[in-house]
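Novice:
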Amino acid sequence: MRHPLVIANWKMHGSGAFNQALVEAFLSLLGKHRAECVLCPPFVYLGQLKDLLRSSDVVLGAQDCSHIAQGAYTGEVSAQMLSDCGCQWVIVGHSERRQYHQESDALVAAKLSMAQRAGLSPVLCVGETQEQREAGEAQGVVKSQLLGALGDLPDLQGLAIAYEPVWAIGTGLTASPEQAQDMHAFIRGVVSDLDEKNGPALRLLYGGSVKAENAAELFAQADIDGALVGGASLDAQAFAAIVSAA
Ligand code: PGA
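Here the sequence shown is numbered in the numbering used here, starting from -19 and rising by one per residue.
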């Protein structure tokens, strides 16, 4: 039985006052829940969230990490620094990083290995664009992202994978539960071939316009073990409802 996992990706949103109000409201609305829950604020707010989450079972993650351990890399933040700040998780290879920062599969692979070395659990994001889906290339694109990022890792233990079709991110369009399930089953096959021992147990999250209204239907699919949530994670009520649904 895979333990449900719901991760909030705040992206570049928040302020000291907004974060405090959001986290306090979210924790007060969050009832009994089975899912493991992770909040990923911008780097500069990790310390603030660590304090706000101190007496809860909600844990801290980051949205990215460097592919280098340390050195003269202005503006970079290493996986070890994230661990030092209390992070347990880190998102790697988000489509916005791939699109706006030209992150290649090789770079994503290096970040994953840094995250594992620092003892963080990485969430690898994969997903096709609208054009790729329409051209019938969705599975091929996702497979090559998986192999490019995971091919050289010694094992996949502790990793989670988020399937986020680029056309569903922040657009209000969600993959249908069947479309999402089909791709999740495909991903599970690919990771099980890569790592027979850990592949079948990896948690596969769906991401792309997950809301309180569509979460339960997505989570009811056999290979969907949780969600990576952007926009709706900035709304305490919506995010609490999503975590409870998992
Ligand atoms: P969204 O973002 O929920 O706003 O679509 C998801 C993500 O990009 O992780």
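We treat Cβ as the ideally placed atom computed from N, Cα and C, and that holds for glycine.
Should H74 go down as buried or exposed, given a rule of 16 or more other Cβ atoms within 10 Å for buried?
Specialist: Result: buried.
Novice: State the Cα-Cα distance for the pair L10 and A220, rounded to the nearest angstrom.
Specialist: Taking the straight line from one Cα to the other gives about 5 Å.
Novice: Any heavy atom of the ligand PGA inside 7 Å of the beta-carbon of V190?
Specialist: Within the cutoff, so yes.
Novice: Since G206 contacts P145 with CB under 8 Å, what's their CB separation in whole angstroms?
Specialist: Actually they are not in contact, since the Cβ atoms of G206 and P145 sit about 16 Å apart, beyond 8 Å.
Novice: If I measure Cβ to Cβ from G(-6) and keep anything under 7 Å in the same chain, skipping five residues before and after, which residues do I get?
Specialist: Closer than 7 Å at the Cβ level, and outside the excluded window around G(-6), lie P21, P22, Y25.
Novice: Just the C-alpha distance for K91 and C45, rounded to the nearest angstrom, thanks.
Specialist: Those two C-alpha atoms are separated by around 6 Å.
Novice: Count the other CB atoms within 10 Å of the CB of T54; is the residue buried (16 or more) or exposed (fewer)?
Specialist: Result: exposed.
Novice: Measuring CA to CA, which of P180, A195, L214 is closest to R(-18)?
Specialist: That would be P180, whose Cα lies nearest to the Cα of R(-18).
Novice: From the DSSP secondary-structure annotation, give me the bridge partner or partners of V39.
Specialist: BP columns for V39 point to V18.
Novice: Checking 8 Å against the spacing of the C-beta atoms, do V57 and P102 come in under that value?
Specialist: No, these two residues do not count as a Cβ contact at 8 Å.
Novice: Which residues mark the beginning and the end of the alpha helix (DSSP H) in which G169 is found?
Specialist: 157 to 174 is the extent of the alpha helix (DSSP H) around G169.
Novice: To which residues of the same chain is Q112 closer than 7 Å at the C-beta, ignoring the five residues directly before and after it?
Specialist: Here the set comprises A118, V121.
Novice: Can you check DSSP and say which residues form a bridge with G206?
Specialist: The partner list for G206 (beta bridge, DSSP) reads L(-15).
Novice: Looking at E144 and the ligand PGA, is the gap between the Cβ and the nearest heavy atom below 7 Å?
Specialist: At least one heavy atom of the ligand PGA is nearer than 7 Å to the Cβ of E144, so yes.
Novice: The ligand PGA and G210: does any heavy atom of the ligand fall closer than 7 Å to the residue's C-beta?
Specialist: G210: yes, Cβ under 7 Å from the ligand PGA.
Novice: With DSSP run on the structure shown, which of helix, strand or coil describes S101?
Specialist: The answer is strand: DSSP assigns S101 an E or B state.
Novice: In chain order, what residues of the same chain lie with their CB nearer than 8 Å to the CB of A89, ignoring the 5 residues before and after it?
Specialist: Closer than 8 Å at the Cβ level, and outside the excluded window around A89, lie G128, A129, L130, G131, D132, L133.
Novice: Would you list the one or two residues that DSSP bridges to C67?
Specialist: DSSP lists L40 as partners of C67.
Novice: Return the CA-CA distance between A98 and E4, expressed in angstroms with no decimal places.
Specialist: In a straight line, the C-alpha of A98 is about 29 Å away from that of E4.
Novice: How long is the line joining the alpha carbons of A202 and L33, rounded to whole angstroms?
Specialist: Using only the alpha carbons, I get a separation of about 31 Å.
Novice: Do H13 and V209 have their C-beta atoms within less than 8 Å of each other?
Specialist: Not a contact, by the Cβ cut-off of 8 Å.
Novice: Please confirm whether V171 and L185 have their CB atoms less than 8 Å apart.
Specialist: No, they are not a contact pair.
Novice: Tell me whether the beta-carbon of L2 lies closer than 8 Å to the beta-carbon of A195.
Specialist: Not in contact: L2 and A195 (Cβ atoms no closer than 8 Å).
Novice: Taking the beta carbon of H81 as the centre, do at least 16 other beta carbons fall within 10 Å, making it buried, or is it exposed?
Specialist: H81 should be labelled exposed.
Novice: Could you round the C-beta distance between V(-14) and A15 to whole angstroms and report it? I think they count as a contact, below 8 Å.
Specialist: Confirmed, about 5 Å.
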